[in-house]
Structure formats: C-alpha cells, structure tokens
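Q: The structure's right below; bear with me while I get my questions together.
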Amino acid sequence: MASQGPRRSDGREQRYTRRRVVAGLGTGALVGIGAVGAASASQWATHEEWVDRAPWDVWTEGITDGTVTWNRSTGEPPDESLSVSFDGDRVTIDVFVKRTDLYCYELLPRRVIAGDRLGIVLDLATESDAEPCPGDDGVHYKIDLTPTNPVDTVIVDERFTDVTRSEPGRTRFDRAPRLTIPDGVTDYELTLDNGSFDYTDDPTITVDGSTVFVEGALVYGSSSCNTIRLTEIVRDGDRLDVTVGATHEPLYMPGQGCTEDLAISNYTLRLDLAETAGIDQLTVEEVGLEGTRTATATLDSDPDPIVDWTLEEDVDDVAAERRDDDPRVFFDGPEVIVEGLIGSSRCDEISAATELVGEGHLGVDVTATPSAEDCTLEYRPIPYRLTIQTSSEAAIDHVTAGELDGDERRDPRQTTARRPRVLDPIDSAHPSDLDGDGLHEDLTGDGTLGFTDVNCFFQHTDSPAVTDHADAYDFDGDGAVDLQDVLTVFGQI
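Numbering (the UniProt record's numbering), first residue to last: 1 to 493.
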C-alpha cells in the first residue's frame with residue numbers, strides 16, 4: 001500500500017515537492033541541503049497564508065536554527081522593498097521577487113558568519129522543473145535565522161538580475177541606527193591607544209582651529225566582546241553633543257566566546273568642523289562601567305580668517321612697474337598676495353595692517369614712512385610683497401588693498417580684487433573676470449575683451465549658465481541680466 005503524505009488541518013493530503021538548497025560556509029565550502037518544497041501551484045493560488053518549509057537538515061557553524069517561508073499569491077503583492085528586522089537573537093529577512101517569465105524559481109540563501117556580522121547571498125535557482133507561478137504577482141520570501149551569537153549587522157547581497165522589483169545590489173542593515181553626522185561636522189575618527197590617561201578623570205577637550213580633540217579613558221568590559229565607539233553625535237542649534245561609550249562588538253573567532261577580562265583603554269576622538277559650522281559649544285559624555293563623566297568646552301564659531309602674514313621688502317621678482325601704479329592682488333589657494341612699489345627711498349620704513357571690513361572682505365593698508373634721519377641711500381621706490389595666510393579659501397573672497405606714502409606729493413592708491421570664480425561654461429569655455437571686480441566680461445574665456453564676447457553674451461542672455469550666476473553678469477547693476485547689460489559690455493570695448 002502506498003504511503004500517504006501528511007494531512008492538513010482540514011484532513012486533506014498536503015503535497016510537497018523535493019528541492020535542493022545550497023548554503024555557503026565561511027571557508028567557501030558548499031554543503032548540499034535536502035529540503036522539503038512548497039505546496040502545489042493550485043494551492044498557492046487559493047491560499048495566501050505562509051507555507052513553511054521543513055527545517056533545513058544541515059547548518060553551518062554560527063547558525064542554530066532557521067527557516068525559509070514564502071507566499072505566492074494572485075492577490076495584491078506585498079511591499080516590494082527589502083527589509084531586515086532584529087528580535088533578540090533572531091534575524092528576519094523579507095524580500096519580494098517578481099519574475100516576468102511567469103515561472104517561479106527557488107530562492108537560495110547562502111550565509112556567512114563573521115564576528116557580529118551575518119552575510120546573506122540571495123540568488124535564484126535555475127532548476128528545469130521549476131513550478132509555474134499562479135500569475136505574475138511574484139513571490140514573497142521570508143528568511144528567519146537564529147545565529148549562535150548576537151548579530152548586530154546583516155549584509156544582504158542580491159545576485160538575481162532578471163527581476164522587476166528593483167536593481168539588485170548589496171544592502172547593509174544595522175541593529176542600532178548607524179551614526180548620522182550632523183551639519184557642521186565634516187569628519188571624525190576615534191582611535192584606541194595605551195596612553196596614561198586615568199579612567200577616573202573627566203575627558204579633556206582641545207581645540208586647534210577647526211579641529212577638536214577629545215581624550216579620555218574607559219573601563220568597558222570584556223576585550224573580546226566589547227570596544228569603545230562614538231555612539232552618538234547630535235547638534236542642537238549652536239551646541240554639539242557627543243557620547244563615547246562601550247558597545248557590544250564580538251571580536252573573537254566563531255566558536256570561541258567572550259573572555260572574562262575587564263578591559264581599560266585610552267581613546268582619542270578627532271572631530272573636523274566646517275569653517276562656518278556655527279558651533280559654539282561642545283559637550284562630551286563618557287559612558288563606561290565606572291559610570292558617566294562629562295566635559296564641556298566653548299568653541300570659537302567665528303574664528304579670525306587671518307592666520308598669519310609676512311611683509312618682504314626689496315623683492316627682486318616683483319614687476320618693476322611705474323611708481324604710480326596701483327597695488328596688485330593675487331589669490332593662491334588660502335593665500336592672499338599684495339605686491340607693489342611704495343616709498344621714495346630705501347630709507348623709508350614699510351608697515352602693513354589688515355582688517356576685516358565685511359563678511360569675506362579684507363582690507364589691507366601698506367604704508368611707507370620716511371626715515372627721521374637724513375637718507376644716504378638710493379632714492380627710488382621699494383618693491384614689496386605682502387603674503388597673507390587665511391584660514392581657508394572660503395574665508396576671504398575679495399580684498400581692497402591700499403598704499404599710502406609719507407610723501408604727501410603722492411596720492412593714495414587702491415585696488416579691489418575678487419577671488420576668481422569658476423562659473424558654468426558657455427559654449428565649452430569658462431568666462432573670466434579680467435579686472436577683478438566680480439563681473440565676468442570675458443565670456444569666451446580667451447583672456448581678452450572683444451566683439452566675440454559681446455556676441456556670445458547676446459546669444460546666451462537667457463541661458464541657465466548666465467541666469468544662474470546673475471551677479472557675475474549684471475554689468476549695469478540693476479539686479480537683472482538683460483539686453484542693457486550686453487550694451488554695457490559693448491561700451492567697454
């Protein structure tokens with residue numbers, strides 16, 4: 001007599017088909033796993049409950065339990081986004097696969113355990129006896145796994161390429177939300193070392209320009225199961241709050257387990273802040289086994305843009321122009337350079353002064369004062385170079401430089417220059433500002449002003465390359481770019 005299959009709750013026989021699932025070991029070896037398949041296509045079409053596979057026969061090291069379940073339905077398809085959820089030691093992966101050829105293929109989960117990270121590879125079997133789908137609504141798969149040790153991170157690698165759900169790729173899911181870096185913080189780094197900082201002392205905060213260093217020490221438990229991390233960084237207006245604490249992070253090899261030591265480590269946290277971060281206060285909280293300690297420091301959110309400057313006299317490579325020429329201003333990265341000729345004799349004393357006269361606007365004065373004693377040196381101007389080191393290129397965008405001689409027969413001279421801007425190209429050429437006034441009259445980018453620039457301007461007055469940078473082409477100063485600006489450029493030729 002032929003054996004009967006298992007019975008459903010309504011007494012009807014439940015049919016199964018044999019399938020084969022392949023699981024990948026961390027070493028790259030493959031283990032064949034015989035598994036019981038799903039119900040027939042007609043039953044899939046009439047029942048929308050989850051249909052469980054029988055438990056897998058063989059488990060790789062690091063997994064104590066697991067099932068794969070699915071739902072094939074002609075009804076409304078489930079959410080097509082890939083998701084991973086954590087419930088205690090259990091990890092659940094939900095994925096929806098939709099095939100365009102109306103045939104359903106089996107999902108092959110392959111897993112690798114590495115410390116606290118679980119890697120899952122999702123692929124589709126290509127068996128010739130694949131059951132046809134009851135329509136083209138696809139298959140909703142649910143993978144439940146229970147690792148031997150707690151898993152904090154799951155990386156899902158979708159290998160199938162002929163699905164309509166989404167573009168396959170690699171997605172990372174974390175048990176706790178990943179650290180979100182707020183505005184004003186450009187980067188950070190936390191390093192552990194064996195310094196001499198006492199874990200009973202509060203952390204220290206050192207500010208070096210736009211970089212902040214936090215140093216401290218924590219007692220954080222087993223060195224094989226925990227480490228020190230930046231666990232939170234939150235901005236509240238002009239205040240930045242950071243938390244450094246112990247986190248569970250298995251560092252041991254599979255099968256070993258946690259050590260029983262009580263680890264203590266020094267740490268250094270580096271925070272890189274944007275030049276215009278607007279952060280006035282930093283609060284650091286340390287959370288370790290010995291309790292919680294805090295430290296607070298006041299930051300200068302509006303630092304002086306001038307870091308340093310040097311004034312050189314009798315500079316040989318300064319162009320020997322006429323004495324009455326205005327000073328020249330150059331920009332070289334964060335440096336501002338002012339050059340010129342000043343004074344009446346080599347006995348004159350030269351001095352310089354800088355002042356921030358507006359946001360991003362630097363005023364520079366170079367003064368020559370005649371010597372109180374009779375001068376026996378040569379009577380000719382002194383070539384000079386003033387090099388100003390600023391905190392960043394963004395700190396200073398234009399400079400007004402003036403020269404003042406003690407010789408009252410000479411009028412003061414002054415130059416205003418703006419840092420060159422790289423504007424959107426027009427006909428593949430980048431317009432340039434020929435005289436440093438912020439207006440880009442050289443629209444063809446050939447270094448000269450001519451009729452070709454006027455024609456180019458006329459042709460592109462309404463182009464986004466011009467209208468998106470209206471302040472660079474508003475030659476008549478009325479706040480708009482139109483034909484009148486073209487005529488103004490024409491009048492400059």
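Every residue, glycine too, gets a C-beta built ideally from N, C-alpha and C.
Decide if the segment 343-356 is in contact with the segment 266-275; the criterion is three or more beta carbon pairs, one per stretch, under 8 angstroms apart.
A: no
Q: Helix, strand or coil, according to DSSP, for Gly119 in the structure here?
A: Within the sequence shown, numbered from 1, the residue matching residue 119 stands at position 119. Secondary structure of Gly119 (DSSP, three-state): strand.
Q: From this set, Gly237, Ile63, Thr283, Phe458, which residue's C-alpha is nearest Asp144's C-alpha?
A: Your numbering for residue 144 matches position 144 in the sequence shown. Comparing Cα-Cα distances from Asp144 to each of Gly237, Ile63, Thr283, Phe458, the minimum goes to Ile63.
Q: Are Thr354 and Ile306 touching if we call contact CB-CB under 7 angstroms?
A: The residue labelled residue 354 in the question sits at position 354 within the sequence shown. The residue labelled residue 306 in the question sits at position 306 within the sequence shown. It is a contact, given that the beta carbons lie within the stated cut-off.
Q: How many angstroms separate the CA atom of Glu474 from the CA atom of Gly209?
A: What you label residue 474 is simply residue 474 of the sequence shown in a count that begins at 1. What you label residue 209 is simply residue 209 of the sequence shown in a count that begins at 1. The sequence shown places Asp at residue 474, not Glu. Using only the alpha carbons, I get a separation of about 37 angstroms.
Q: Expressed to the nearest angstrom, what Euclidean distance is found between the alpha-carbon atoms of Ser73 and Tyr141?
A: As a working mapping, residue 73 is identified with position 73 in the sequence shown. As a working mapping, residue 141 is identified with position 141 in the sequence shown. In this predicted model, Ser73 has a pLDDT of only 48, less than 50, meaning its place in the structure is not dependable; the value taken from the coordinates is given anyway. Our two residues, Ser73 and Tyr141, have alpha carbons roughly 12 angstroms apart in a direct line.
Q: Label Val212 either buried or exposed according to how many other C-beta atoms from any shown protein chain fall within 10 Å of its C-beta, with 16 as the threshold for buried.
A: To locate residue 212, count along the sequence shown from 1; it is residue 212. With 16 or more other Cβ atoms within 10 Å, it is buried.
Q: Taking the Cβ atom as the reference point for each residue, do Thr259 and Ser222 lie within a distance shorter than 7 angstroms?
A: Counted from its first residue, the sequence shown places residue 259 at position 259. Counted from its first residue, the sequence shown places residue 222 at position 222. The answer is yes: Cβ separation under 7 angstroms.
Q: Does the segment 213-232 touch the segment 182-198, meaning 3 or more C-beta pairs lie closer than 8 angstroms?
A: yes
Q: Between Gly237, Ile279, Leu273, which lies nearest to Asp187 when the distance is taken from Cα to Cα?
A: Taking the first residue of the sequence shown as position 1, residue 187 is located at position 187. Taking each of Gly237, Ile279, Leu273 in turn and checking the Cα distance to Asp187, the smallest one comes out for Leu273.
Q: Since Ile337 and Pro381 are thought to touch, with beta carbons under 8 angstroms apart, how far apart are those beta carbons, to the nearest angstrom?
A: By 1-based counting over the sequence shown, the position of residue 337 is 337. By 1-based counting over the sequence shown, the position of residue 381 is 381. Incorrect: roughly 18 angstroms between the Cβ atoms, too far for contact.
Q: So Thr493 packs on Phe451, CB below 8 angstroms; how close in whole Å?
A: Position 493 of the sequence shown, counted from the first residue, corresponds to residue 493. Position 451 of the sequence shown, counted from the first residue, corresponds to residue 451. Reading off the sequence shown, one finds Ile at residue 493, where the question assumed Thr. About 7 angstroms; that satisfies the 8 angstroms criterion.
Q: In chain order, what residues of the same chain have a beta carbon less than 6 angstroms from the beta carbon of Thr416, not counting five sequence neighbours either side?
A: Start at 1 with the first residue of the sequence shown, and residue 416 comes out as number 416. Hits under 6 angstroms: Thr400.
Q: Quick one, are the C-beta atoms of Val219 and Glu290 less than 7 angstroms apart?
A: Counting from one through the sequence shown, the residue named residue 219 turns up at place 219. Counting from one through the sequence shown, the residue named residue 290 turns up at place 290. Yes. Within cutoff.
Q: Is there contact between the segment 312-319 and the segment 292-299, where contact requires at least three CB pairs shorter than 8 angstroms?
A: At 8 angstroms Cβ cutoff, the stretches do not touch.
Q: Could you check the C-alpha separation between Ala465 and Thr296 for me, to the nearest Å?
A: Numbered from its first residue, the sequence shown carries residue 465 at position 465. Numbered from its first residue, the sequence shown carries residue 296 at position 296. When rounded, the distance between both Cα atoms is 47 angstroms.
Q: Is it buried or exposed, Tyr379, if we count other Cβ atoms within 10 angstroms and call 16 or more buried?
A: Against the sequence shown, residue 379 aligns to sequence position 379. By the 10 Å Cβ count, Tyr379 comes out exposed.
Q: What did DSSP end up calling Asn149 once you bin it into helix, strand or coil?
A: For the purposes of this step, residue 149 is identified with residue 149 of the sequence shown, where counting begins at 1. Looking at Asn149 - three-state DSSP - the assignment turns out to be coil, as it is neither helix nor strand.
Q: Exposed or buried, Thr390, counting other C-beta atoms within 10 Å across all chains shown (16 or more means buried)?
A: To locate residue 390, count along the sequence shown from 1; it is residue 390. It counts as buried.
Q: When DSSP builds the beta bridges, which residues end up paired with Gly288?
A: Translated into positions along the sequence shown, residue 288 becomes position 288. Paired residue(s): Gly291.
Q: Which complete alpha helix (DSSP H) runs does the UniProt domain "EF-hand" (471-493) hold, if anything under 4 residues is left out?
A: 483-491
Q: State the Cα-Cα distance for the pair Glu275 and Asp442, rounded to the nearest angstrom.
A: Within the sequence shown, the letter at position 275 stands for residue 275. Within the sequence shown, the letter at position 442 stands for residue 442. Straight-line spacing of the CA atoms in Glu275 and Asp442 works out to 32 angstroms.
Q: Are the CB atoms of Leu299 and Asp234 within a distance shorter than 7 angstroms?
A: On the sequence shown, position 234 is the one that residue 234 refers to. On the sequence shown, position 299 is the one that residue 299 refers to. It is worth fixing the name first, because residue 234 is Val in this sequence and not Asp. When the beta-carbon positions are compared, Val234 and Leu299 stay at least 7 angstroms from each other.
Q: From Asp478 to Leu423, what distance separates their C-alpha atoms?
A: As a first step, residue 478 must be located in the sequence shown, where it is residue number 478. As a first step, residue 423 must be located in the sequence shown, where it is residue number 423. If I take the Cα positions, the gap works out to 21 angstroms.
Q: Per DSSP, what kind of secondary structure is Phe458 in: helix, strand or coil?
A: Translated into positions along the sequence shown, residue 458 becomes position 458. Looking at Phe458 - three-state DSSP - the assignment turns out to be helix.
Q: Quick one: using the 10 Å Cβ neighbour count with 16 as the cut-off for buried, is Glu158 buried or exposed?
A: The sequence position of residue 158 within the sequence shown is 158, counting from 1. Glu158 is buried by the Cβ-count criterion.
Q: Where Thr367 and Glu335 are concerned, what is the direct C-alpha to C-alpha distance, given to the nearest angstrom?
A: Your numbering for residue 367 matches position 367 in the sequence shown. Your numbering for residue 335 matches position 335 in the sequence shown. When rounded, the distance between both Cα atoms is 21 angstroms.
Q: Enumerate in chain order the residues of its own chain whose CB-to-CB distance from Leu487 is below 6 angstroms, with the five nearest sequence positions on each side excluded.
A: Numbered from 1 along the sequence shown, position 487 holds the residue referred to as residue 487. None.
Q: Report the option in Asp405, Leu386, Asp89 whose CA atom is closest to the CA atom of Asp65.
A: Here the question's residue 65 lines up with position 65 in the sequence shown. Ranking the options by Cα distance to Asp65, first place goes to Asp89.
Q: Counting along the chain, where does the alpha helix (DSSP H) carrying Val318 start and finish?
A: Residue 318 sits at position 318 when you count from the first residue of the sequence shown. Neither: Val318 is in no alpha helix (DSSP H) and is coded neither H nor E.
Q: Buried or exposed for Thr444, please, with buried defined as at least 16 other CB atoms from any protein chain shown within 10 angstroms of its CB.
A: Position 444 of the sequence shown, counted from the start, is the residue given in the question as residue 444. Counting Cβ neighbours within 10 Å, Thr444 comes out buried, since at least 16 surround it.
Q: Less than 6 angstroms between C-beta atoms, sequence neighbours within five positions excluded: which residues of the same chain meet that for Phe490?
A: Here residue 490 is taken as the residue at index 490 of the sequence shown, counted from 1. Taken in chain order, the residues that qualify are Val454.
Q: What residues match up with Leu282 in a beta bridge as DSSP calls it?
A: Taking the sequence shown and counting its residues from 1, the one referred to as residue 282 is at position 282. Note: Leu282 sits in a beta bridge opposite Leu240, Ala297.
Q: In three-state terms, what does DSSP make of Asp453?
A: Residue numbering aside, residue 453 sits at position 453 when the sequence shown is read from its first letter. Here Asp453 sits in helix by DSSP.
Q: By the 10 Å Cβ neighbour count, where 16 or more other Cβ atoms means buried, how is Gly447 classified, buried or exposed?
A: In the sequence shown, counting from the first residue as 1, residue 447 sits at position 447. Its Cβ having fewer than 16 others within 10 Å, Gly447 is exposed.
Q: Between Leu483 and His460, what straight-line distance do the alpha-carbon atoms span, to the nearest angstrom?
A: Numbered from its first residue, the sequence shown carries residue 483 at position 483. Numbered from its first residue, the sequence shown carries residue 460 at position 460. Near 11 angstroms, if we compare the C-alpha coordinates of His460 and Leu483.
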